[in-house]
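J.:
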Amino acid sequence: MDPLRRSPSPCSSSRPSSPSTPACEMFGPIGIEAVLGQLKIKAMKMGFEFNIMVVGQSGLGKSTMVNTLFKSKVWKSNPPGLGLPTPQTLQLHSVTHVIEEKGVKLKLTVTDTPGFGDQINNDNLRPLDIEFLQRLCRTVNVVPVIARADSLTMEEREAFRHRIQKNLRTHCIDVYPQKCFDEDINDKILNSKLRDRIPFAVVGADREHLVNGRCVLGRKTKWGIIEVENMAHCEFPLLRDLLIRSHLQDLKDITHNVHYENYRVIRLNESHLLPRGPGWVNLDPASPGQLTSRRPFKVCRGAHDVSEDEF
Numbered sequence: 202m203d204p205l206r207r208s209p210s211p212c213s214s215s216r217p218s219s220p221s222t223p224a225c226e227m228f229g230p231i232g233i234e235a236v237l238g239q240l241k242i243k244a245m246k247m248g249f250e251f252n253i254m255v256v257g258q259s260g261l262g263k264s265t266m267v268n269t270l271f272k273s274k275v276w277k278s279n280p281p282g283l284g285l286p287t288p289q290t291l292q293l294h295s296v297t298h299v300i301e302e303k304g305v306k307l308k309l310t311v312t313d314t315p316g317f318g319d320q321i322n323n324d325n326l327r328p329l330d331i332e333f334l335q336r337l338c339r340t341v342n343v344v345p346v347i348a349r350a351d352s353l354t355m356e357e358r359e360a361f362r363h364r365i366q367k368n369l370r371t372h373c374i375d376v377y378p379q380k381c382f383d384e385d386i387n388d389k390i391l392n393s394k395l396r397d398r399i400p401f402a403v404v405g406a407d408r409e410h411l412v413n414g415r416c417v418l419g420r421k422t423k424w425g426i427i428e429v430e431n432m433a434h435c436e437f438p439l440l441r442d443l444l445i446r447s448h449l450q451d452l453k454d455i456t457h458n459v460h461y462e463n464y465r466v467i468r469l470n471e472s473h474l475l476p477r478g479p480g481w482v483n484l485d486p487a488s489p490g491q492l493t494s495r496r497p498f499k500v501c502r503g504a505h506d507v508s509e510d511e512f
């Protein structure tokens, strides 16, 4: 047999191909890129969910801030012109709305709190505030803000921000976005800029006003209109972009893969459902700096606990 002679390829058959018979493409695309389209179609059908809890002093404008954040009446306020004050939140209250934008549906659940922080010292963090934040940042993603920032001058705002940042560093309170979750250089650059502005100085308003021929969200004072979406007036756009435009999915991933998994393992240990042995994890109260990974089943442990490979 002639070694140079090869069996004919099915693609080189002399039989003419009919229009209904697809051409043989041995090295053509497989179609993996279609996975992205499938994920998009599935996500559009199912929609997305997002849960937020707002915590702060009574009458601070938490409900108004949420309305401003989503440009929707999550909490209904009194109609303008009646002269009635905005009702305060007197008990733990959750509301759920489905918000749709360009075909994308978001199931939003917001929990308002009954005046947590009424005794907070507005100049510094008190021991009670520090203890509360240290526990809270191990359970949820914490994003601190300076509410009603229009009541402060620019100098007072910056001085207050630096005091809070110093307190957070001194007491190892990890607020979102945490440094240990910066996955690449782009994340690190973006998150570093956001961390420098935390706590965000925000102003909430759910009414529109006419400014220079255009409608803007803002608060009317005797000095003029404070525009919510104007960075020269407040940092509300930074907060909105962080929560919705750039980090919404990351917030959900960290909550599910880190905070919930740590909570689940702690509960299992407390109920003694895990057998004692090489895989047993004896958890002491974790420090905020021990959150180092967003992978499922990663547990915050001290240096004396078992290694990660043993779990």
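Numbered according to our numbering, the sequence shown spans residues 202 to 512.
The C-beta atom is built at its ideal place from N, Cα and C for all residues, glycine as well.
How would you write the range of the alpha helix (DSSP H) that N463 sits in, first residue to last?
T.: Here the alpha helix (DSSP H) through N463 covers 462–471.
J.: Hey, quick one: how far does the alpha helix (DSSP H) through M254 stretch, first residue to last?
T.: Here M254 belongs to no alpha helix (DSSP H); instead the beta strand (DSSP E) covers 249–255.
J.: For I253, I'd like the list of residues in its chain whose CB is within less than 6 Å of its CB, leaving aside the five on either flank, ordered along the chain.
T.: Excluding sequence neighbours, I253 sits near V311.
J.: For P328, would you say it is in contact with chain C, using Cβ-to-Cβ distances shorter than 8 Å as the test?
T.: Absent from the structure is chain C; it holds one protein chain and no more.
J.: Could you tell me the alpha carbon to alpha carbon distance between T456 and E409, rounded to whole angstroms?
T.: Roughly 34 Å separates the two Cα atoms.
J.: Count the other CB atoms, across all protein chains shown, that sit within 10 Å of the CB of R349; report buried if there are 16 or more and exposed otherwise.
T.: Under this definition R349 is a buried residue.
J.: Report the residue from D313, E301, Q450, N392 whose alpha carbon sits nearest the alpha carbon of S259.
T.: The candidate whose alpha carbon is nearest that of S259 is D313.
J.: Under the DSSP definition of a beta bridge, which residues are partnered with H298?
T.: Paired residue(s): L309.
J.: For a test of the three-state rule: what should DSSP assign to Q379, helix, strand or coil?
T.: Note: Q379 maps to coil in three-state DSSP.
J.: Quick check on this structure: which residue in L261, G257, E301, K423 has the alpha carbon closest to the alpha carbon of F271?
T.: It is E301 whose Cα lies nearest to the Cα of F271.
J.: What separation, rounded to the nearest whole angstrom, lies between the Cα atoms of T354 and H363?
T.: Using only the alpha carbons, I get a separation of about 14 Å.
J.: Taking only the alpha-carbon atoms, compute the straight-line gap between I399 and N463 and give it to the nearest angstrom.
T.: If I take the Cα positions, the gap works out to 26 Å.
J.: Opposite R415 in the DSSP bridges: which residues?
T.: Paired residues: V412.
J.: Can you tell me where the alpha helix (DSSP H) with E359 in it begins and where it stops?
T.: Segment 355–371, the alpha helix (DSSP H) holding E359.
J.: Rounded to the nearest angstrom, what separates I445 and I231 at their Cα positions?
T.: Rounded to whole angstroms, I445 to I231 spans 35 Å at the Cα level.
J.: Where do the ends of the alpha helix (DSSP H) carrying E332 lie?
T.: Looking at the DSSP string, the run of the alpha helix (DSSP H) that includes E332 is 328–337.
J.: Would you kindly work out how many angstroms separate the C-alpha atoms of V299 and T265, rounded to a whole number?
T.: C-alpha separation (whole angstroms): 18 Å.
J.: Less than 8 Å between the C-beta atoms of I427 and G419, yes or no?
T.: Against a cut-off of 8 Å, the Cβ pair of G419 and I427 comes out as a contact.
J.: Taking L337 and P315 to be in contact with their CB atoms under 8 Å, please state how far apart those CB atoms are, rounded to whole angstroms.
T.: Contact flag wrong, Cβ pair sits at about 16 Å.
J.: Whose C-beta lies closer than 6 Å to the C-beta of K389 among residues of the same chain, with five residues either side of it excluded?
T.: Here the set comprises D383.
J.: Does the Cβ-Cβ distance between R358 and A402 come in under 8 Å?
T.: Their beta carbons are under 8 Å apart, which means R358 touches A402 by this criterion.
J.: Going by DSSP, what residue range makes up the alpha helix (DSSP H) through I455?
T.: It spans 449–455 - the alpha helix (DSSP H) in which I455 sits, taken as one unbroken run.
J.: If V344 and Y377 are in contact, beta carbons under 8 Å, what's the gap, nearest whole angstrom?
T.: That pair is a contact at about 5 Å.
J.: Would you kindly check if the distance between the Cβ of I374 and the Cβ of R335 is under 8 Å?
T.: The sequence as given places Gln at residue 335; Arg does not occur at that position. Closer than 8 Å, so yes.
J.: Pick out whichever of E430, L440, N325, V256 has its Cα sitting closest to the Cα of C576.
T.: A question about residue 576 goes unanswered here, because the residues of the chain that appear run from 202 up to 512.
J.: In its own chain, which residues sit with a C-beta less than 7 Å from the C-beta of P438, not counting the 5 before and 5 after it?
T.: Closer than 7 Å at Cβ, skipping near neighbours: E430, M432.
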